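Participant: Dumping the structure here so I can ask a few things about it.
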Amino acid sequence: MAAMRFILIVACVLWTQAAAAQYPERPIRLIVPQAAGSATDNIARLVAPGMAKFLGQQVVVDNRPGGALTIGIDAVAKAAPDGYTIGQGPVGALAITRHMVAKLPYDIERDLQPVALVTTGYMLLAVSPKSGFSSVKELIDFAKKNPGKLSNASSSNGSPGHVSGELFKTMTGTDIVHIPYKGGAPAIADLISGQVQLMFESTNSIAPHVKAGRVRALAVTGMKRATSLPDVPTLNESGVPGYEVNAWTGIIAPAGLPRPVLERLNAAVNAAIAMPVVKERLLQLGGEGGGGTPEEFAALIRRDSAMWAEVVRRSGAKID
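Per this note's numbering, the very first residue in the sequence shown carries number 304; after that it's consecutive.
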């Protein structure tokens, strides 16, 4: 009996190694848990061609927005762990939503495998030109005198823009109404038109609108200024000392992925973000290439998850 079990184990290992050696043999689906035009989608469509070039197979972006980022992530978690379904995992989905939704249909540590960090960056506090605000101080002063009169748009419930706004409210003692959208593009459109007054959004999706004069940038959320917007101060510089939010996104896969396949996908991500055209585009969008090992990405997820758990607890921002 023991000998038969040993033979089965060896056969399984050899089969896995053989399958991994031939991987990939067909196109790979990259699930994005946000709508087309969102910051997460923009990054996915930037890195997918580079991964495809390295892997020798097409990497097809599949948008699955909704459910406070849970619909797309659930599709990744429940996919076969064969490397042909992977996902784009933004900080909102991997480190924030888990503390806001009462019961997720998956467990991030148990059901998902971090592959590699793709990019890091900041959020940008932007206002509609029609709002009349030209500084963070003006915004805070108005919000304190007019509780509940300002609206903060975000790409979805549980997104970095959502909790960045909640942290801002907590640290400034203001009452600002959160309005979630189904993606960053419609939220930015309403910010431009003046339907909402402010928004915390990733620099990689909103910076072009700032440069075109369609929205006004007040501050970035990092401890240092964004390379794409060097004239825009940080919130720390603008009267909200200690405020810091970092936005990142990476590639994830279903748990149980064979190690050789995981390593090949990790190498593909690292190769893609090292391409000069990708590096330059990320800098233009206000981000920087990530890279590194699956273990390093997993450690980042754990660290930021602990931080956002405390922010959510203090702000009371929950999703039914």
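By construction, the Cβ of each residue, glycine as well, lies at the ideal position given by its N, Cα and C atoms. Predicted model only: the values in this text are computed from it and were never measured.
#1: Pick from K472, V466, I376, S462: whose alpha carbon is nearest that of P450?
#2: Bridge partners of T422, per DSSP?
#3: Note down the Cα distance separating K527 from T537, rounded to an integer number of angstroms.
#4: Relative to the C-alpha of P557, which residue among Q391, I495, K406 is closest?
#5: Using a beta-carbon distance below 8 Å, is L407 in contact with chain C?
#6: Please go through the same chain and pick out, in chain order, the residues whose beta-carbon is closer than 8 Å to the beta-carbon of A609, but skip the five residues on each side of it.
#7: Is it the case that the Cβ atoms of M426 and S454 are separated by a distance below 8 Å?
#8: Below 8 Å between beta carbons: does that hold for L532 and A550?
#9: Among the residues of its own chain, which have a CB less than 6 Å from the CB of F436, if the five just before and after it don't count?
#10: Decide if the segment 373-388 is in contact with the segment 573-592; the criterion is three or more beta carbon pairs, one per stretch, under 8 Å apart.
#11: Out of curiosity, what's the CA-to-CA distance linking S434 and H512?
#12: Could you tell me whether the Cβ atoms of I389 and I555 are closer together than 8 Å?
#13: Can you give me the C-alpha to C-alpha distance between L397 and I411, rounded to a whole angstrom?
#14: Taking the straight line between their C-alpha atoms, what separation do you get for Q500 and L560?
#15: Looking at T506 and L588, is the spacing between their C-beta atoms short of 8 Å?
#16: Classify C315 as buried or exposed, calling it buried when 16 or more other Cβ atoms lie within 10 Å of its own Cβ.
#17: Just to confirm, is the Cβ distance from T552 to T422 under 8 Å?
#18: What are the start and end residues of the beta strand (DSSP E) that includes M502?
#19: Rounded to a whole number of angstroms, what is the C-alpha to C-alpha distance between M354 and A490?
#20: If we ignore side chains and look at the alpha-carbon of each, how far apart do A339 and S508 end up?
#21: Let me confirm a value: E504 is counted as buried when at least 16 other C-beta atoms fall within 10 Å, else exposed. Which label applies?
#22: How many Å lie between G516 and V614 at the Cα?
#23: Excluding the 5 residues preceding and the 5 following R584 in the sequence, name in chain order all residues of the same chain whose CB lies nearer than 7 Å to its CB.
#24: By the 10 Å Cβ neighbour count, where 16 or more other Cβ atoms means buried, how is V580 classified, buried or exposed?
#25: Spatial neighbours of Q416 within its chain, please: CB distance less than 8 Å, with the 5 preceding and 5 following residues excluded, ordered by chain position.
#26: Exposed or buried, which one is V363 when buried takes at least 16 other CB atoms within 10 Å?
#27: Could you give the first and the last residue of the continuous alpha helix (DSSP H) run that contains P336?
Facilitator: This is what the structure gives:
#1: K472
#2: T552, G592
#3: Their backbone Cα atoms lie some 7 Å apart in a straight line.
#4: Q391
#5: Judged by its chain identifiers, the structure shown contains no chain C, having just a single protein chain.
#6: none
#7: For M426 and S454, no; Cβs fall outside 8 Å.
#8: In terms of Cβ geometry, L532 and A550 do not form a close pair [threshold 8 Å].
#9: V430, L442
#10: no
#11: 16 Å
#12: Yes; because the gap between Cβ atoms is below 8 Å, this pair is in contact.
#13: 7 Å
#14: 44 Å
#15: yes
#16: Any reading at C315 must be qualified, since the residue scores a pLDDT of 43, below 50, and its modelled position is unreliable; the value itself is stated next. C315 should be labelled exposed.
#17: Yes; because the gap between Cβ atoms is below 8 Å, this pair is in contact.
#18: Under the DSSP assignment, M502 falls in the beta strand (DSSP E) whose first and last residues are 501-505.
#19: Between M354 and A490, the alpha-carbon positions lie close to 30 Å from each other.
#20: Answer to the nearest angstrom: the Cα atoms are 11 Å apart.
#21: Burial state of E504 is buried, judged by a 10 Å Cβ sphere holding 16 or more other Cβ atoms.
#22: G516 and V614: Cα-Cα distance of roughly 32 Å.
#23: The residues are L349.
#24: That one is exposed.
#25: P384, I555, A556, P557, A558, G559, L560, L565, P597
#26: The residue is exposed, with fewer than 16 neighbouring Cβ atoms inside 10 Å.
#27: Looking at the DSSP string, P336 is not in any alpha helix (DSSP H), and its letter there is neither H nor E.
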